[in-house]
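Here the structure comes first, spelled out in structure tokens, and everything after it is commentary.
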Amino acid sequence: MDIPYLRWHPTIEKRRSRRRFDANRPIERDKLSALDAACRQFTPFPAARAYLVTDPVKDVFKGIVGSYGKIKGAPAFIAFIGNMDSTSVQEEVGYTGEGIILEATALWLNTCWVAGFFRNEVVASLIEIKSNERVLAVTPVGYSPGVESLEEKLMTFFGRTHRRLPVSRLVIKPDRDDLPQWIKASLEAARLAPSAVNRQPWGFDIAEDSITVYVRTGGREFAVSKRLDCGIAMLHIEVAAMSFGVRGKWQFLEAPQVARFNHGQNG
Ligand SMILES: Cc1cc2nc3c(=O)[nH]c(=O)nc-3n(C[C@H](O)[C@H](O)[C@H](O)COP(=O)(O)O)c2cc1C
Numbered sequence: 431m432d433i434p435y436l437r438w439h440p441t442i443e444k445r446r447s448r449r450r451f452d453a454n455r456p457i458e459r460d461k462l463s464a465l466d467a468a469c470r471q472f473t474p475f476p477a478a479r480a481y482l483v484t485d486p487v488k489d490v491f492k493g494i495v496g497s498y499g500k501i502k503g504a505p506a507f508i509a510f511i512g513n514m515d516s517t518s519v520q521e522e523v524g525y526t527g528e529g530i531i532l533e534a535t536a537l538w539l540n541t542c543w544v545a546g547f548f549r550n551e552v553v554a555s556l557i558e559i560k561s562n563e564r565v566l567a568v569t570p571v572g573y574s575p576g577v578e579s580l581e582e583k584l585m586t587f588f589g590r591t592h593r594r595l596p597v598s599r600l601v602i603k604p605d606r607d608d609l610p611q612w613i614k615a616s617l618e619a620a621r622l623a624p625s626a627v628n629r630q631p632w633g634f635d636i637a638e639d640s641i642t643v644y645v646r647t648g649g650r651e652f653a654v655s656k657r658l659d660c661g662i663a664m665l666h667i668e669v670a671a672m673s674f675g676v677r678g679k680w681q682f683l684e685a686p687q688v689a690r691f692n693h694g695q696n697g
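Residue numbers (this note's numbering): 431 to 697.
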């Protein structure tokens, strides 16, 4: 499946993690089919896949560390699964999973990446997982109430966990000021990517025809790979670039670099 960039680009700004769902509002059948089709068809890397589970979601989500509250009321969830034999599995799962999250957002559904605070054994009992695979993250899917409850507001410190660093803090300055529009749009899209505990671990090195994503030093570890967060930012970069008519290809790199998006190498 090609990236439906016109459909996904506007959702980058719209998406927001939600942790409370309306248990009495099921997801319509046509939306479930669309989401299931996206999970099956959006497989840009052989080592990453997404799987929609519509069984009752009881017991999948654990509670609560600091502001991280238990997810409640979701009628479905999606598991993001990686083949651990791939050296770039974390970024591949981040990239693939975020495609599915943006598709859910385009369907007006709410989501929240959860990596760590879910019961792996419960998820594994609902999905066939091969011996070299692991569920690296999950997301609840459903409808959240239009207005956040006080409980949910408290969990996000009244929206603070949604705040982002300015692009100027994330970019190794190129030796020119007049960056092409596609690079500006891609950096803005990457900046808005979600990350575990909102740590925004990415940095960007800009050249004439490429954006290199790397892991900045410092920031919270939180038992979730920063490369997974960077994979999410990679998808945002490509979606924005495509919206400006730019096609490219990703080249995976060794740590602390993650990957380089090369403009002009037909993706
Ligand atoms: C890889 C990853 C793991 C996350 N894990 C959790 C989690 O375990 N529990 C939770 O409540 N939120 C989790 N989040 C959601 C982040 O806290 C959230 O994306 C971040 O604070 C930015 O807020 P926003 O998504 O509303 O823009 C996770 C996000 C990512 C990308």
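A virtual CB, placed ideally from N, CA and C, is assigned to each residue, including glycine.
Annotation for R446 indicates a beta carbon within 7 Å of some heavy atom of ligand 1. If you draw a straight line from the Cα of D639 to the Cα of G694, it comes to about 8 Å.
Proximity to V519 across F472, R437, S579, A478 peaks at A478, based on C-alpha coordinates.
Per DSSP, the continuous beta strand (DSSP E) segment holding P570 begins and ends at 563-572. For H666 against A626, the beta-carbon gap comes to about 16 Å, at or over 8 Å, which does not count as contact. Here the alpha carbons of Q681 and E581 stand approximately 42 Å from one another. Of the candidates A464, I508, V553, the residue whose Cα lies closest to the Cα of W543 is I508.
Scanning L622, N628, I636, H439 for the CA closest to the CA of F691 turns up I636.
Ligand 1 approaches G546 closely enough that one of its heavy atoms is under 7 Å from the residue's Cβ. Only residues of its own chain outside the window of five on either side were considered, and among them L622 have a CB closer than 8 Å to the CB of E443, listed in chain order. Secondary structure remark: continuous beta strand (DSSP E) runs of at least 3 residues inside the region 652-688, in chain order: 678-682. For H666, the distance from the CB to the nearest heavy atom of ligand 1 is not below 7 Å. When the five nearest sequence neighbours on each side are left out, no beta carbon in the same chain lies closer than 6 Å to the beta carbon of R593. G678 places its beta carbon 8 Å or farther from that of A670. The nearest non-hydrogen atom of ligand 1 is less than 7 Å from the C-beta of C542.
With the rule of 3 Cβ pairs closer than 8 Å, the region 600-612 does not count as touching the region 531-550. Remark: the C-beta of T526 is outside contact range of ligand 1, defined as less than 7 Å to any heavy atom. Not one heavy atom of ligand 1 sits closer than 7 Å to the Cβ of T484.
Here F510 is buried, its C-beta having at least 16 other C-beta atoms within 10 Å.
Three or more beta-carbon pairs drawn from the region 563-583 and the region 520-535 are found closer than 8 Å, and the two stretches are therefore classed as touching.
Between K492 and K500, the C-beta gap is smaller than 8 Å, which places the two residues in contact. Under the DSSP assignment, I557 falls outside any alpha helix (DSSP H); it carries neither an H nor an E label.
With fewer than 16 other Cβ atoms from the protein chains shown falling within 10 Å of its own Cβ, V577 counts as exposed. DSSP places T642 in the strand class (E or B) of the three-state scheme.
Rounded to whole angstroms, the separation of the alpha carbons of L600 and K614 is 12 Å. In this chain, the beta strand (DSSP E) harbouring V483 covers 478-483. A distance of 8 Å or more separates the beta carbons of D659 and G512.
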